[in-house]
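J.: Residue numbers for the sequence shown, in my numbering: 100 to 845.
Ideal Cβ positions, reconstructed from N, Cα and C, are used throughout, including at glycine.
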Amino acid sequence: MTNNECLNDGAGDSPELFSANYNSGVTGGRRPDSVESFLPPLPEPVGISPDFTPLKRIHAPQDLLREDALQSYDALQDDSFSCHPGALQQGCYYIRLMLTSLHTPSSSQYEGTLRIQRTGDKLIASGDLYINDFCKTPTYYPVLSENSNRKNIIPVFPRNQYARYIRVVRIKGNPDSGKDIVLELETFRFDNKSCTWTRGETFNVEVKFSTGLDGSQYWRGDIQTLSKRVLGHMVAVRVSPYFRQALIEIDRVAASDHPSHNDGSDWQAVFEKAGWNVAIEFSDEDVEEPEDHNWSNAELHKKMLVCRQSVDLDKQWRYHLLAVRELEDKRDGVIFGVMYDSPESDINRTPREGVAVASEVIFPDKNIWGKCRGKRFGECKEAYIRTAIHEIGHAMLLYHPHNPHENYIMQRTVLVAHNAYNAVPPQQFPDNIEWSFSPQDIHLLCHLPDIAVRPGGVPFGASHRRLPVDVREVVVEADGLELNVSALHEVVPIGAPVRVNFSLVNRSDQEKLVPGSLSMKAGHVSGRIIDPSGTEHTFATIIHYDGDLMPKPLPAGGSIPYSATMLWGMEGPFFPTSGYYRIILELNWRTQGMQMRISGNTGVMVTPPKDEKHARAALKIFSTPETLLALAIGGDHLKKGYDAIHTAINNPVLKPHYNLVEAKRVSQRFFDRKPDLKKAADIVDEKTVMSPREVIRLTKILKSFTKETQKEAIEKMSKLLLTKAKEVGVEDEVGTIIKEIQAQMQ
Ligand SMILES: [Zn+2]
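Take a look at the structure:
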């Protein structure tokens, strides 16, 4: 997210136009009652008829939209789709609102875009408003009649001026008759800090159609309250037959495969169906790779930052795809692609714009993989291109569908393969790929708020269950299963991360299908932290994977343990004051056509600073958002993050909670820097706090060293890890790896 200081944050709002709920906007954490407003409601089809047509309340927009959205494809192909010169044509309009009411501050002016989708006799329309101080910034359209050189360019506005989402809820009059019409608009105010929306006032715009000197269609009209009081004036010019416009930059390691058949027209065709005008730029075709071709998350992250250095996301919607040979983080199975989501941080105010695919991944040798079985990913061009587009879809805030039987772009690759295998008559993956976003996703791509879909907007997080399309979904509490959650240390000093262990236990007498991975990255785990004041904060995953992660059977009496380290969320530090915190974890997954859920919780007590030095070290952690990235992704380029961690390590109270982070860093390669086990072994000791997962992870890192290099350090570290493993109950798993290490050393 953008830094809150640079946000107008409603300061320039008209208290008239948007006064409703003005003071009820949530600041700080998300309150339980505002959960539904993670996104504003999207527009629904509005009937066009001579009479005032009330908005139909439709609770199943996806079913209805399927047909409508499909019709809109055809409409998009034909720019001349319009019955009358005065009609509201399909496409994107530049809009400008000038509020002239006496009570309105002079700075209350907005500009933005309005997206009009025509589907037969219905219209679906939404838009976004950005605050504009016309005294300082020139308006996008200084003179309406001089816009011919701007044709087909959708304007881009600075993210920190984002203010409102609007949707059309009624139309009075027939826009195709050439006569004036009235649009009723609902507004939703965006709260940058909590990423929530509150309903603003509803108003009418009296639309009078005109034609510009260059023949462009525009309209203007008064903005009125529902009681007909004039608040100001609005102007709109149609700028494109598309709804949205973006650039996708594709960089690749020379030895990886090209994720397109040709010049990118295969990508464009998919986005065209969603009303997006997308340009594909093949930029760097020879990205330097780590010596073993295997990219760690830290290295991907660094590379992504370098690639976008020269990009201004306030002037351009640019997404970045990197095609590499291998992704290192394969602990959770076969990983085809990955999407990064970086929450608020000094260097990283840009969530959701970087993704990667791995061309050297080998498809498992199983029947379901059809024509791709046992093949290299990059060799199966269709599947490879699909995953690349799929990951970019995530970067546009799209999630996996709930329907396991569809084969559109946002379906998990493994389910598309299953669907081919189970089809009657059987098909061969990847022949059954549907080269389109689903109608539901097309609706989202057309009508999600700008700030939700554009790169560097709101983070991709634990929010997807809150998307409007999911409201109808019936969620079943998982029967016979238990989610046990406990803190590794129930009492932690302020400034320290909280390590939480959790395990999914099958208490029933029969096998149960459970998530394939409990890693946050797999997207099944989400949760909330309730702070001492009762405010709720959600957690978000930073990395999102697409891989071979199917639900797997958990035998009766069996359990799957996992652990997570918590410090920072998208709204700031999770544990910034002393006191009692409640941590609620929730597991969501889909199996046998049902959406399953289970939750568990635990409590933790955060103690106040012991002395001034401790207080200062905690302050440094809390004022350095990059600490989160250092903990979650790692990488030497996160200098500020490691600097804060070093400060914590120099403090005796916080040291045991942080020295593992530094040990993990120095024991792993980062581009040219060699791993240094001896140094790592000197950093950690018996007092070091490690979750079960961290003990296992460090043991696996240890296994990558050979005896010639650092025999003494290996022995020292093995001993320590065995002790820690006993402490946290993972001695079996760690003992096995240590035995393998010892065998290697013989
Ligand atoms: Zn995915």
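(1) At a cut-off of 8 Å, is H493 close to ligand 1 when judged by its beta-carbon and the heavy atoms of the ligand?
(2) With P529 and G469 assumed to form a contact (beta carbons below 8 Å), what rounded beta-carbon distance in angstroms separates them?
(3) At a cut-off of 8 Å, is R689 close to ligand 1 when judged by its beta-carbon and the heavy atoms of the ligand?
(4) Once DSSP output is grouped into helix, strand and coil, what is the label at R689?
(5) Can you give me the start and stop residues for the beta strand (DSSP E) that G834 sits inside?
(6) Tell me which same chain residues have a C-beta within less than 6 Å of the C-beta of Y418, skipping the five on either side of it?
(7) Let me check understanding here. Comparing Cα to Cα, which of A368, Y264, P660, V423 lies closest to G615?
(8) Measure the Cβ-Cβ separation of L684 and G626 and say whether it is below 9 Å.
(9) Is the stretch 284-292 in contact with the stretch 260-270, if contact means three or more CB pairs nearer than 8 Å?
(10) Taking only runs of the alpha helix (DSSP H) that begin and end inside the stretch 675-730, which ones reach a length of at least 4 residues, in chain order?
(11) Enumerate in chain order the residues of its own chain whose CB-to-CB distance from L582 is below 7 Å, with the five nearest sequence positions on each side excluded.
(12) Among the residues of its own chain, which have a CB less than 6 Å from the CB of D549, if the five just before and after it don't count?
(13) Looking only at its chain, what residues have a beta carbon closer than 6 Å to the beta carbon of K651, apart from the 5 residues adjacent to it on each side?
(14) What's the gap between the Cα of M797 and the Cα of I434?
(15) Reducing DSSP to helix, strand and coil, say where G366 ends up.
(16) Starting from G740, trace the beta strand (DSSP E) in both directions and tell me its first and last residue.
(17) Let me know the alpha helix (DSSP H) ranges lying completely inside the stretch 319-352, each 4 residues or longer, listed in chain order.
(18) Tell me whether G436, by its Cβ, gets closer than 8 Å to a heavy atom of ligand 1.
(19) Near D464, what residues of its chain come up, given a Cβ to Cβ distance below 7 Å and the 5 sequence neighbours on each side ignored?
(20) Are the beta-carbon atoms of W366 and Q344 separated by less than 9 Å?
(21) Using a Cβ-Cβ distance cut-off of 9 Å, determine whether L727 contacts chain B.
(22) For the stretch 739-749 against the stretch 716-725, do three or more pairs of beta-carbon atoms, one drawn from each stretch, fall closer than 8 Å, so that the two count as touching?
(23) Are the beta-carbon atoms of D383 and D350 separated by less than 9 Å?
(24) Is any heavy atom in ligand 1 found nearer than 8 Å to the beta carbon of E589?
(25) Roughly how many whole angstroms lie between the Cα atoms of K480 and P340?
(26) Could you check which residue in M704, T212, N303, R772 has the C-alpha nearest to that of I194?
(27) With 16 as the cutoff for other CB atoms within 10 Å, does D94 come out buried or exposed?
(28) Please state the DSSP three-state secondary structure of K611.
(29) What is the rounded straight-line gap between the Cα of Q216 and the Cα of E143?
(30) Is E398 near ligand 1, with its Cβ less than 8 Å from a heavy atom?
(31) Considering only C-alpha positions, which residue in the set G436, L514, V599, M403 is nearest to T486?
(32) Whose C-beta lies closer than 6 Å to the C-beta of R792 among residues of the same chain, with five residues either side of it excluded?
(33) CB-CB under 7 Å to M197, same chain, minus the five flanking residues each way: which ones, in chain order?
(34) Tell me, to the nearest whole angstrom, how far the beta carbon of L653 is from that of N605; I am working on the premise that it is less than 8 Å.
(35) With C-beta atoms as the reference, is A335 less than 9 Å away from E388?
(36) Look up L820 in the DSSP assignment and give the residues it is bridged to.
T.: Checking against the coordinates, here is how it stands:
(1) yes
(2) 7 Å
(3) no
(4) strand
(5) Not the beta strand (DSSP E): G834 falls in the alpha helix (DSSP H), residues 830-844.
(6) I347, E452, I491, A494, P554
(7) P660
(8) yes
(9) yes
(10) 711-721
(11) F601, L603, L684, L686, I697, S698, G699
(12) D227
(13) G615
(14) The sequence shown places Leu at residue 797, rather than the Met named in the question. Distance between the alpha carbons of L797 and I434: 21 Å.
(15) The sequence given here places Trp at residue 366; Gly does not occur at that position. Correct three-state label for W366: helix.
(16) That residue, G740, is in no beta strand (DSSP E); its alpha helix (DSSP H) goes 738-748.
(17) none
(18) yes
(19) R472, G473
(20) no
(21) Of the protein chains in the structure, only one exists, and it is not chain B.
(22) yes
(23) yes
(24) no
(25) 31 Å
(26) T212
(27) The structure shown does not extend to residue 94, since the chain spans only 100 to 845, so no value can be given for it.
(28) strand
(29) 11 Å
(30) no
(31) G436
(32) S662
(33) Q208, G331, H332
(34) 5 Å
(35) no
(36) DSSP lists no partner for L820.
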